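Notes to accompany the following structure.
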Amino acid sequence: MKFIPDYTVLYSDDDIVVLNKRSGLLIAADRYDADAPRLDLTAEKEFGRLFAVHRIDKDTSGVLVYARNAESHRTLSMQFENREVEKTYHCLINGRPLWQTLHVDLPLQPDGDTRHRTVVNRRFGKPSVTDFKLLGICGPYSWIEAKPRTGRTHQIRVHLAENGLCIVCDPLYSGNQKPIKLSDFKKNWHGDEFEEQPLLNRLALHAYQLTIMHPKTGERMTFTAPYPKDMDATRRQLAKIYGPDPLKPEETPQQE
-11 MKFIPDYTVL
-1 YSDDDIVVLN
9 KRSGLLIAAD
19 RYDADAPRLD
29 LTAEKEFGRL
39 FAVHRIDKDT
49 SGVLVYARNA
59 ESHRTLSMQF
69 ENREVEKTYH
79 CLINGRPLWQ
89 TLHVDLPLQP
99 DGDTRHRTVV
109 NRRFGKPSVT
119 DFKLLGICGP
129 YSWIEAKPRT
139 GRTHQIRVHL
149 AENGLCIVCD
159 PLYSGNQKPI
169 KLSDFKKNWH
179 GDEFEEQPLL
189 NRLALHAYQL
199 TIMHPKTGER
209 MTFTAPYPKD
219 MDATRRQLAK
229 IYGPDPLKPE
239 ETPQQE
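Printed below as a string of structure tokens:
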């Protein structure tokens, strides 16, 4: 089994730490699973006490910022509360949308069913807004950019699901949890179907970019988290065969 580090460091100073986390880690304590692996506990061994100022889902990989002191925690928390932070996610979905851009404004209620899923609730849900952009169509899959304007639990996943789309290997909001294998889309593949390992077998959602104001200096800072190896291998293989590449947005999405 290959070793996958819990995180890589994108930036650190006396006030903040910015990490690129792997999929499968909580960023702080969770009331549903007290024993689940946590990123903050691991990173605190290197950086000392860390203060969570925002969350990304356990199954999501990507960029995350922690405060290193109480003042930075207060300042950053206000930025997120006031929606002054810009967040960009990349995801791979099954199928292809019929739009180039999509604005979704649907109120969401976290923990809305017995599986602790977030649900649309127009009466009791909290305002939730996401802007989506099609980055490219690759055969049976499509790359999507998502910019959540609010920060509800599972917001991107639910807003896509409500529009008939699901992220690859989503265990909660998709009826299709089939992992991606090279043999699924590469013609003349000659490997052993019983020995083939999947390119990607976890939620294909990555927190790609985060823009904040530094809590002490006020400097506007943008941090970009490289794709993890499994997602990047999938990107390269799909780009080789179909053309579109989510990391080259100047290319026109294929529509055939």
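The numbering used here numbers the first residue of the sequence shown as -11 and each following residue consecutively.
Yeah, the Cβ is synthetic: ideal placement off N, Cα and C, and Gly gets one too.
Note that this is a predicted model, so its numbers are computed, not measured.
Asked, Found
"If tyrosine 161 and arginine 105 are in contact, beta carbons under 8 Å, what's the gap, nearest whole angstrom?", "7 Å"
"By alpha-carbon positions, which one of Asp28, Ser60, Asn189, Leu13 ends up nearest to threonine 222?", "Asn189"
"What are the boundary residues of the beta strand (DSSP E) that includes threonine 63?", "Looking at the DSSP string, threonine 63 is not in any beta strand (DSSP E); the run it does join, the alpha helix (DSSP H), is 58 to 69."
"Between the stretch 44 to 55 and the stretch 212 to 219, are three or more C-beta pairs nearer than 8 Å?", "yes"
"For tyrosine 77, which residues does DSSP report across the bridge?", "Ala134, Ala195"
"Assign valine 146 to one of three DSSP states: helix, strand, or coil.", "helix"
"Quick one: residues in its chain with C-beta nearer than 6 Å to the C-beta of phenylalanine 35, no 5 flanking neighbours on either side, listed in chain order?", "Val5"
"What's the C-alpha gap between glutamine 243 and serine 65?", "Caution is warranted here: a pLDDT of 49 is assigned to glutamine 243, below 50, making its placement in the model unreliable, and no coordinate value can be reported."
"Are at least three pairs of beta-carbons, each pair with one atom in the stretch 66 to 81 and one in the stretch 136 to 150, less than 8 Å apart?", "yes"
"Would you give the residue range spanned by the alpha helix (DSSP H) that isoleucine 229 belongs to?", "217 to 230"
"Would you mind stating whether glutamate 59 and lysine 204 have Cβ atoms separated by less than 9 Å?", "yes"
"Taking contact to mean at least 3 C-beta pairs separated by less than 8 Å, is the stretch 175 to 187 in contact with the stretch 10 to 26?", "no"
"Touch check for the stretch 88 to 97 and the stretch 108 to 124: three-plus C-beta pairs under 8 Å?", "yes"
"Keeping to the same chain, check which residues put their C-beta closer than 6 Å to that of glutamate 32; ignore five residues upstream and five downstream.", "Leu38"
"Could you tell me whether the Cβ atoms of tyrosine -1 and lysine 9 are closer together than 9 Å?", "no"
"Below 8 Å on the Cβ atoms is my guess for glycine 248 versus aspartate 45; work out the distance and round it to an integer in Å.", "What the structure shows of the chain is the stretch from -11 to 244, and residue 248 is not part of that stretch, so it cannot be assessed."
"Taking three-plus beta-carbon pairs below 8 Å as touching, is the stretch 118 to 126 in contact with the stretch 228 to 236?", "yes"
"Checking 9 Å against the spacing of the C-beta atoms, do isoleucine 168 and alanine 195 come in under that value?", "no"
"What is the rounded straight-line gap between the Cα of valine 92 and the Cα of proline 85?", "14 Å"
"Locate the alpha helix (DSSP H) running through alanine 31, then write down its first and last residues.", "27 to 35"
"How would you call asparagine 82, buried or exposed, if buried means at least 16 neighbouring beta carbons within 10 angstroms?", "buried"
"From what residue to what residue does the beta strand (DSSP E) around leucine -2 run?", "-5 to 0"
"Figure out for me which residue from Leu90, Ala55, Pro159, Ile155 has the closest Cα to the Cα of arginine 103.", "Pro159"
"Can you tell me where the beta strand (DSSP E) with threonine 210 in it begins and where it stops?", "208 to 212"
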